[in-house]
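Student: Have a look at this one before I ask anything.
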Amino acid sequence: MKISVIGLGFVGLSLAVTNATKGFKTIGVDINDLKINDLKKGKPGFFEPQLNKKLKDAINSNNISFTSNFHDAINNSDITFLTVGTPPNKTGNIDLKFIKNASNQIFNELKTKKKYHLLVVKSTLSPSTTKNTILPIFKKIIQSKKMDVVVNPEFLREGFAIKDLLEPHLIVIGSYNKKSGNLLEKYYKKFYKKIPEVIQTDISSAELIKYANNAFLATKISFINSIGNICQTIPGTDVNTIAYAIGKDPRIGSLFLKAGPGFGGSCLPKDLSGLINYSKNLSKSSKLFEAVKDVNDLQPKKIIKIMEQMNISDKRKTISILGLAFKKDTDDIREAISIKIVKNLLKIGMKIKVHDPMAINNFKKIFGEKIEYSKSISSCLTNSNCCIILTEWDEYKKLKQKDFIKIMKTKNVIDARRILDPTKFKKINFAALGLGK
Ligand code: UGA
1197 MKISVIGLGF
1207 VGLSLAVTNA
1217 TKGFKTIGVD
1227 INDLKINDLK
1237 KGKPGFFEPQ
1247 LNKKLKDAIN
1257 SNNISFTSNF
1267 HDAINNSDIT
1277 FLTVGTPPNK
1287 TGNIDLKFIK
1297 NASNQIFNEL
1307 KTKKKYHLLV
1317 VKSTLSPSTT
1327 KNTILPIFKK
1337 IIQSKKMDVV
1347 VNPEFLREGF
1357 AIKDLLEPHL
1367 IVIGSYNKKS
1377 GNLLEKYYKK
1387 FYKKIPEVIQ
1397 TDISSAELIK
1407 YANNAFLATK
1417 ISFINSIGNI
1427 CQTIPGTDVN
1437 TIAYAIGKDP
1447 RIGSLFLKAG
1457 PGFGGSCLPK
1467 DLSGLINYSK
1477 NLSKSSKLFE
1487 AVKDVNDLQP
1497 KKIIKIMEQM
1507 NISDKRKTIS
1517 ILGLAFKKDT
1527 DDIREAISIK
1537 IVKNLLKIGM
1547 KIKVHDPMAI
1557 NNFKKIFGEK
1567 IEYSKSISSC
1577 LTNSNCCIIL
1587 TEWDEYKKLK
1597 QKDFIKIMKT
1607 KNVIDARRIL
1617 DPTKFKKINF
1627 AALGLGK
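Our numbering puts the sequence shown at residues 1197 to 1633.
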């Protein structure tokens, strides 16, 4: 089976190189020629663990090629994975322009192709989008039995993209006929020595499974952050202890119960808003999902509140932010809480210094000269009035009390990621989200 992958972002590129290194002939397609040129030279354009090496291995194996030409890609492959972005628009719905553009270009090629082709939609779509937007584009070719469209949502996490692709917990395939669903399952049987559980379902259920999955993860985070906010008002309590204890109940589970500044990234916030809008359009209640979003929107303000309690609220103060990426092991700052916090502090008129091992360049594109970028943790902390830890990078976990005492002007530290042990920071003014004082 020859594969083409259209849309070479996190999911598409990771999928393309993993396919190629597994021995499948793979063509990566993107409309961005600059990106294609970089990929041919082995440059992914963003950070993802293992991706650089996998890309080089794929290129050396001659199993991968990159192009912006849909004709070559569609005519030289049997299965196309559609992995273009579905970014949010201003109304909170998803913008389907990339989906529509790519589908129309694929249609133009498939209408003259003689051999059967399978189109696999991996981009995250709200329920019924495939039925209402994608299938009508291909209606005639589907009727002539020369192609099928299936929905196959992706559950990989940024920072673990390659690992999650190689060891997924589940494969979901939504189809309108057995032939196409089984064909994709056959491909996965070749891909995995030991195939994970496969759930075959109808197309809209597959789309809804993806939305429900991300909404549930978001709900767990807002839940534990709400408990953390209660802990903050009760001396002696710590959200980490509560999370550990309830996580022991197998009906709850310990994952995604880490309190923090709120969830960010390109997926959880977008898919939650998508689900809220989708439910509203159906005139059904979206109260639970709205509450999850409200808790998340308010969470950064809890950090500002702690700063006020520390008497750091006037514009003469210098604030050091450690961590800009929406989570560790990525340079991605999409919907990162750091952006909201910095905007708020700039409004007050504070001086901001920031540090991040990977995301500085992306942050510069938003804040330019308005803030100071530090190359090291110590230069970020020097002469600062308050340090806020916003990303759980491993190097921040190693910080000791003396690292702050030595160089800060006033020794105020807020651990918004709960990565430092509060009992070891008794000589400084230390606060943490979800920690009762
Ligand atoms: C998320 C899902 O976890 C993936 O399963 C899904 O495939 C992906 O979205 C997607 O739809 O493409 P990702 O956006 O990479 O993956 O990030 P997560 O690891 O889910 O983290 C999201 C946010 O939640 C981060 O800001 C993280 O710091 C925060 N988080 C996560 C917490 O605050 N607490 C936790 O316990 C876990």
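The beta-carbon is built from N, C-alpha and C at its ideal position, and this holds for glycine as well. Predicted model only: the values in this text are computed from it and were never measured.
(1) Can you give me the Cβ contacts of Phe1387 inside the same chain, cut-off strictly under 8 angstroms, excluding the 5 residues immediately before and after it?
(2) Along the chain, where does the beta strand (DSSP E) that runs through Gly1224 open and close?
(3) Start and end of the alpha helix (DSSP H) containing Ser1574?
(4) Can you pull the DSSP bridge partners for Gln1396?
(5) So, helix, strand or coil for Lys1155, using DSSP?
(6) Check Pro1323 in the structure and name its three-state DSSP category.
(7) Measure from the alpha carbon of Ser1376 to the alpha carbon of each residue in Val1345, Pro1364 and Lys1390, then state which is nearest.
(8) Can you say whether Pro1553 is buried or exposed, counting buried as having 16 or more other CB atoms within 10 angstroms of its CB?
(9) When every heavy atom of the ligand UGA is checked, does at least one fall within less than 7 angstroms of the C-beta of Asp1611?
(10) Can you find a heavy atom of the ligand UGA that lies under 7 angstroms from the Cβ of Phe1559?
(11) Going by Cα to Cα distance, which pick from Ala1357, Ile1358, Pro1349 and Asp1490 is closest to Leu1366?
(12) Closest to Leu1204 by CA distance: which of Ala1298, Ser1257, Asn1258 and Asn1285 is it?
(13) Would you identify the three-state DSSP class for Val1317, choosing helix, strand or coil?
(14) Is Ile1338 buried or exposed, if buried means 16 or more other CB atoms sit within 10 Å of its CB?
(15) Let me know if Lys1310 comes out buried or exposed under the rule of 16 or more other beta-carbons within 10 Å of its beta-carbon.
(16) Under a three-way DSSP split, which group does Pro1431 fall into?
(17) I need the straight-line Cα distance from Pro1283 to Ala1408, nearest angstrom please.
(18) Decide if Asp1617 is buried, meaning its Cβ has at least 16 other Cβ atoms within 10 Å, or exposed.
(19) Pairs of beta-carbons, one from the stretch 1580–1595 and one from the stretch 1516–1526, closer than 8 angstroms: are there three or more?
(20) Identify whether Met1343 lies in helix, strand or coil by the three-state DSSP scheme.
(21) On the DSSP bridge assignment, give the partners of Cys1582 in chain order.
(22) Below 8 angstroms between beta carbons: does that hold for Ile1270 and Leu1306?
(23) Could you have a look at Pro1284 and say whether DSSP puts it in helix, strand or coil?
(24) Taking just the CA atoms, how far does Phe1243 sit from Gly1564?
(25) Starting from Leu1278, trace the beta strand (DSSP E) in both directions and tell me its first and last residue.
(26) Does the distance from the CB of Val1316 to the CB of Ile1295 come in under 8 angstroms?
(27) Tell me whether the beta-carbon of Ile1472 lies closer than 8 angstroms to the beta-carbon of Phe1459.
(28) Below 8 angstroms on the Cβ atoms is my contact criterion, and I expect Thr1326 with Ile1399 to pass it. Report the Cβ-Cβ distance as a whole number of Å.
(29) Whose C-alpha, out of Ile1199, Gly1632, Ser1200 and Leu1478, is nearest the C-alpha of Gly1432?
(30) Give the DSSP-derived three-state secondary structure of Asp1528 in the structure shown.
(31) Does the distance from the C-beta atom of Lys1252 to that of Gly1238 stay below 8 angstroms?
(32) On the DSSP letters alone, give me the boundaries of the alpha helix (DSSP H) that Thr1214 sits inside.
(33) Straight-line CA distance for Phe1266 to Ala1532?
(34) Consult DSSP for Ser1261 and reduce its assignment to one of helix, strand or coil.
Tutor: By the coordinates alone:
(1) Residue mapping note: residue 1387 aligns to position 191 of the sequence shown, counting from 1. Here Phe1387 has Asn1215, Lys1218 and Phe1220 as same chain residues with Cβ atoms under 8 angstroms from its own Cβ, once five neighbours each way along the sequence are excluded.
(2) For the purposes of this step, residue 1224 is taken as residue 28 along the sequence shown, with counting starting at 1. Counting along the chain, the beta strand (DSSP E) containing Gly1224 begins and ends at Thr1222 to Val1225.
(3) In the sequence shown, residue 1574 corresponds to position 378, counting from 1. Ser1574 -> alpha helix (DSSP H) spans Ile1573 to Leu1577.
(4) As a working mapping, residue 1396 is identified with position 200 in the sequence shown. Beta-bridge pairing links Gln1396 to Ile1369.
(5) The requested residue 1155 is not part of the displayed model; the chain covers only 1197 to 1633.
(6) Within the sequence shown, the letter at position 127 stands for residue 1323. If DSSP states are grouped into helix, strand and coil, Pro1323 belongs with coil.
(7) Reading the sequence shown from its first residue, position 180 is the one you call residue 1376. If you compare the alpha carbons of Val1345, Pro1364 and Lys1390 with that of Ser1376, the shortest gap goes to Val1345.
(8) The residue you call residue 1553 lines up with position 357 of the sequence shown. Residue burial annotation: Pro1553 is buried, with at least 16 other C-beta atoms found within 10 angstroms of its C-beta.
(9) In the sequence shown, residue 1611 corresponds to position 415, counting from 1. No, the beta carbon of Asp1611 sits no closer than 7 angstroms to any heavy atom of the ligand UGA.
(10) Reading the sequence shown from its first residue, position 363 is the one you call residue 1559. Phe1559 Cβ: outside cutoff for every heavy atom of the ligand UGA.
(11) Mapped onto the sequence shown, residue 1366 falls at position 170. Comparing alpha carbon positions, the residue from Ala1357, Ile1358, Pro1349 and Asp1490 closest to Leu1366 is Pro1349.
(12) Your numbering for residue 1204 matches position 8 in the sequence shown. Nearest C-alpha to Leu1204: Ala1298.
(13) Position 121 of the sequence shown, counted from the first residue, corresponds to residue 1317. Val1317: strand per DSSP, three-state reduction.
(14) The residue given as residue 1338 occupies position 142 in the sequence shown. So Ile1338 counts as buried.
(15) As a position in the sequence shown, residue 1310 is number 114, starting the count at 1. Exposed, by the Cβ-count rule.
(16) The count along the sequence shown starts at 1 and reaches residue 1431 at position 235. In the three-state scheme derived from DSSP, where H, G and I count as helix and E and B as strand, Pro1431 is classed as coil.
(17) Counting from one through the sequence shown, the residue named residue 1283 turns up at place 87. Counting from one through the sequence shown, the residue named residue 1408 turns up at place 212. Straight-line Cα distance between these residues: approximately 18 angstroms.
(18) If you number the sequence shown from 1, residue 1617 lands on position 421. Asp1617 comes out exposed.
(19) A contact exists between the stretch 1580–1595 and the stretch 1516–1526.
(20) Here residue 1343 is taken as the residue at index 147 of the sequence shown, counted from 1. Strand, per DSSP.
(21) Within the sequence shown, numbered from 1, the residue matching residue 1582 stands at position 386. In DSSP, Cys1582 forms a bridge with Ile1515.
(22) Along the sequence shown, read from residue 1 onward, the residue named residue 1270 stands at position 74. Along the sequence shown, read from residue 1 onward, the residue named residue 1306 stands at position 110. In this structure, Leu1306 lies closer than 8 angstroms to Ile1270 by Cβ.
(23) The residue given as residue 1284 occupies position 88 in the sequence shown. Here Pro1284 sits in strand by DSSP.
(24) Taking the sequence shown and counting its residues from 1, the one referred to as residue 1564 is at position 368. Taking the sequence shown and counting its residues from 1, the one referred to as residue 1243 is at position 47. Their backbone Cα atoms lie some 21 angstroms apart in a straight line.
(25) Reading the sequence shown from its first residue, position 82 is the one you call residue 1278. For Leu1278, the enclosing beta strand (DSSP E) stretches over residues Ile1275 to Leu1278.
(26) Taking the sequence shown and counting its residues from 1, the one referred to as residue 1316 is at position 120. Taking the sequence shown and counting its residues from 1, the one referred to as residue 1295 is at position 99. Going by C-beta atoms, Val1316 is not nearer than 8 angstroms to Ile1295.
(27) Residue 1472 sits at position 276 when you count from the first residue of the sequence shown. Residue 1459 sits at position 263 when you count from the first residue of the sequence shown. Contact: no.
(28) The residue given as residue 1326 occupies position 130 in the sequence shown. The residue given as residue 1399 occupies position 203 in the sequence shown. In this structure Thr1326 is in contact with Ile1399, their Cβ atoms being roughly 5 angstroms apart against a cut-off of 8 angstroms.
(29) By 1-based counting over the sequence shown, the position of residue 1432 is 236. Ranked by Cα distance from Gly1432, the options Ile1199, Gly1632, Ser1200 and Leu1478 are led by Gly1632.
(30) The sequence position of residue 1528 within the sequence shown is 332, counting from 1. DSSP places Asp1528 in coil when its eight states are reduced to three.
(31) Position 56 of the sequence shown, counting from 1, holds the residue named residue 1252. Position 42 of the sequence shown, counting from 1, holds the residue named residue 1238. Cβ atoms of Lys1252 and Gly1238: closer than 8 angstroms.
(32) On the sequence shown, position 18 is the one that residue 1214 refers to. It spans Phe1206 to Thr1217 - the alpha helix (DSSP H) in which Thr1214 sits, taken as one unbroken run.
(33) Numbered from 1 along the sequence shown, position 70 holds the residue referred to as residue 1266. Numbered from 1 along the sequence shown, position 336 holds the residue referred to as residue 1532. Rounded to whole angstroms, the gap between the alpha carbons of Phe1266 and Ala1532 is 34 angstroms.
(34) As a working note, residue 1261 is residue 65 in the sequence shown. In the displayed model, Ser1261 falls within a strand according to three-state DSSP.
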